[in-house]
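Here the protein sequences line up with chains A and B, keeping their order.
Residues in the first sequence are numbered consecutively from 1, following my numbering.
Residues in the second sequence are numbered consecutively from 1001, following my numbering.
Everything on this sheet refers to the single structure shown next.
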Amino acid sequence: MRHDIVLHGYRFGIRPVTLGDAAFIVGLRTDPELGRYINPTSPNVADQEAWIARYLERPHDYYFIVEDLRAGAPVGAVGVYDVNDGRAEWGRWLIARTSPAAVESALLTYRAGLDVLGLEQVYCRTIADNDKVVSFHDSSGADRGRSIPEYAELGGRTFDAVEHTVDRARWASMRPRLEQLARRVAGT
Amino acid sequence: MREQIDEVLSEVLTIALGRPIAPGEEVAREDEPTWDSLKHLQILFAIEDAFGIHFSVEEMASAASVSDLKAKVLASHAA
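Written out as C-alpha cells, the structure is:
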C-alpha cells in the first residue's frame, strides 16, 4: 500500500518502495544465493513494476527499501504485511551480500511494526532449511514458536517453516542489543 | 603473533557458534549453520576489541572465514 513510513537508523534506513525500485528488487530476488528460499521471481523489470503497482493498491501491506544512509544506495528490502487484529507478518527480507545491514534492518522493521504501526506482535515465518535466517531470529532473541509443516513448495520440494514472534515485552528486551550492534556497525 | 591470533579466534568462535573450534581450525561462514548475520557482528567486534583493530563496513560484509579474519588481524598489525 502507499505509505510514508521513513525511519533512519545509525547507518541504515528504511523508506517506502516505489516503482523506481523494481530493477534493484529484481537484482536482489534473482541473486542465486539470496533467492534460494523465496518464490521464483521474473527477471523482467516490467513484471516487478507490475507487482509493485498491485502492491501499492493492496491494504495492510508495508514494503520498504533498506538504504545505506551514508552511501545513499539501496542495500535490501523488507516488508510488514498481513496486518490483522494487532499482528502482522514481517518478511520479504533480502539484504545484499555486500552489506552488513541485516541487524539494523531487522531493528528498523521492528520499530516500524511495533512502534510506528503500534502492533502488539509481529511474526516471521522462515523456511526451516534456511538455517542462517532461522539462527538469526534465535540469536536476536525472538521467541521461536511453532513449526509449520509443508509451508511452501519451492522448486518442486516442500518445506516446513519456523515461526518466530516478537511482542512488545520481547521487543523491549531485544532492542538494546540490536541497537548496540547497529551503533557499532555505524561507528557511533 | 599467529598463535595468539589462533587462540583468540578459537575462543571467540567457540563462544559465538556454540561448539568447540580448535586453534588454527579453518571454518567457513557458509558451512556453519549458526554463523548468522548477528553472530557475525558479535565475532567481528570481539576481534576488534581483542586486537585493537577496525573492520570497515565492506570488510564486515566480505569476511567469510577464519582465514579472512586472521588475514585482517595480521594486516592491521603489519600496517
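Note that beta-carbon positions come from the ideal geometry of N, C-alpha and C, so glycine has one too.
Proximity below 8 Å, CB of residue i to CB of residue j
i, j, result
"residue 1027 of chain B", "residue 1047 of chain B", "no"
"residue 105 of chain A", "residue 79 of chain A", "no"
"residue 19 of chain A", "residue 53 of chain A", "yes"
"residue 99 of chain A", "residue 1036 of chain B", "no"
"residue 101 of chain A", "residue 138 of chain A", "no"
"residue 178 of chain A", "residue 66 of chain A", "no"
"residue 149 of chain A", "residue 160 of chain A", "yes"
For residue j and residue i, the rounded distance between their alpha carbons
i, j, result
"residue 59 of chain A", "residue 23 of chain A", "23 Å"
"residue 1039 of chain B", "residue 1016 of chain B", "6 Å"
"residue 141 of chain A", "residue 10 of chain A", "21 Å"
"residue 81 of chain A", "residue 63 of chain A", "8 Å"
"residue 153 of chain A", "residue 26 of chain A", "21 Å"
"residue 55 of chain A", "residue 91 of chain A", "15 Å"
"residue 43 of chain A", "residue 30 of chain A", "7 Å"
"residue 1014 of chain B", "residue 97 of chain A", "24 Å"
"residue 201 of chain A", "residue 107 of chain A", "Since the first residue shown for chain A is 1 and the last is 188, residue 201 of chain A is missing from the structure and cannot be characterised."
"residue 1075 of chain B", "residue 174 of chain A", "35 Å"
8 Å Cβ cutoff, residue i in contact with chain B
i, result
"residue 100 of chain A", "yes"
"residue 111 of chain A", "no"
"residue 147 of chain A", "no"
"residue 195 of chain A", "The structure shown does not extend to residue 195 of chain A, since chain A is modelled only from 1 to 188, so the question has no answer here."
"residue 139 of chain A", "yes"
"residue 47 of chain A", "no"
"residue 94 of chain A", "no"
"residue 103 of chain A", "yes"
Test: residue i CB closer than 8 Å to a CB of chain A
i, result
"residue 1027 of chain B", "no"
"residue 1135 of chain B", "There is simply no residue 1135 of chain B to check, as chain B begins at 1001 and stops at 1079 in what is shown."
"residue 1057 of chain B", "yes"
"residue 1031 of chain B", "no"
Paired residues, beta bridge with residue i - DSSP
i, result
"residue 125 of chain A", "A:163"
"residue 148 of chain A", "A:161"
"residue 64 of chain A", "A:16 and A:78"
"residue 171 of chain A", "The partner list for residue 171 of chain A (beta bridge, DSSP) is empty, contrary to what the question assumes."
"residue 95 of chain A", "A:76"
Would you mind listing the alpha helix (DSSP H) stretches within the stretch 5-54 of chain A that are 4+ residues and don't spill past its ends, in chain order? 22-29
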